[in-house]
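Report on the structure given below.
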Amino acid sequence: MQTVERELNTTTFLARANVITSMRIGAIISITGSLAQSDPTLVTSAFSILSVEARHGAFFRNGAAAIPNPSPFDTSISQIWAYNVMLSFVDPNSCPALLDLTVLPAMTINSPSPLEPPPKKPSHYNNIHSRHEHPCQKRS
């Protein structure tokens, strides 16, 4: 495990806050699925927390000049994945007792940063598609 940096700039703060919030949203979705079967009375509380987390995520992404809602649906994340992602933010000297969950080997992600907007379609994209008539349109 690597040590957490103590000095953060705004960009790093927003990126980390976005990762943490995204993991929390995925974990809450996963927990809510389990609660629906084990204790349905807690589902409303879980959804209440989930809506606040979603607003936090939108705030962090908006602050980084990114699209506040990057996708129409969020996905669940398992306890093990959420735990391992969060371990990267924990100073190993501050927490000697780890949870009894599997620690996965280090992983490298080779994709755009979660704060980057999706690539734009080429300018000729709309021209290509506008040349074709819609099947419901009458020909004159």
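Here my numbering = 1-based position in the sequence shown + 1074. Note that CB positions come from ideal geometry on N, CA and C, so glycine has one too.
query                                                                                                                                                               : result
Mind reading off the beta-carbon distance from L1124 to I1102? Whole number of angstroms is fine, and I expect it under 8 Å.                                        : 5 Å
Taking contact to mean 3 or more Cβ pairs, one atom from each stretch, closer than 8 Å, check whether the region 1107-1123 and the region 1158-1168 are in contact. : no
So for N1092, helix, strand or coil by DSSP?                                                                                                                        : helix
Measure the CB-CB distance between P1142 and A1132 and report whether it falls below 7 Å.                                                                           : yes
When you compare each of P1144, L1173 and T1086 to L1156 by their alpha carbons, which one comes out closest?                                                       : Leu is not the amino acid found at residue 1156; the sequence shown has Ala there. With distances taken between Cα atoms, A1156 lies closest to L1173.
Counting along the chain, where does the alpha helix (DSSP H) carrying V1177 start and finish?                                                                      : It is not in any alpha helix (DSSP H) - V1177 carries neither H nor E in the DSSP assignment.
Grouping DSSP H, G and I as helix and E and B as strand, with all else coil, what is A1110?                                                                         : helix
Quick one: what does DSSP say F1163 is sitting in, helix, strand or coil?                                                                                           : coil
Could you have a look at F1147 and say whether DSSP puts it in helix, strand or coil?                                                                               : coil
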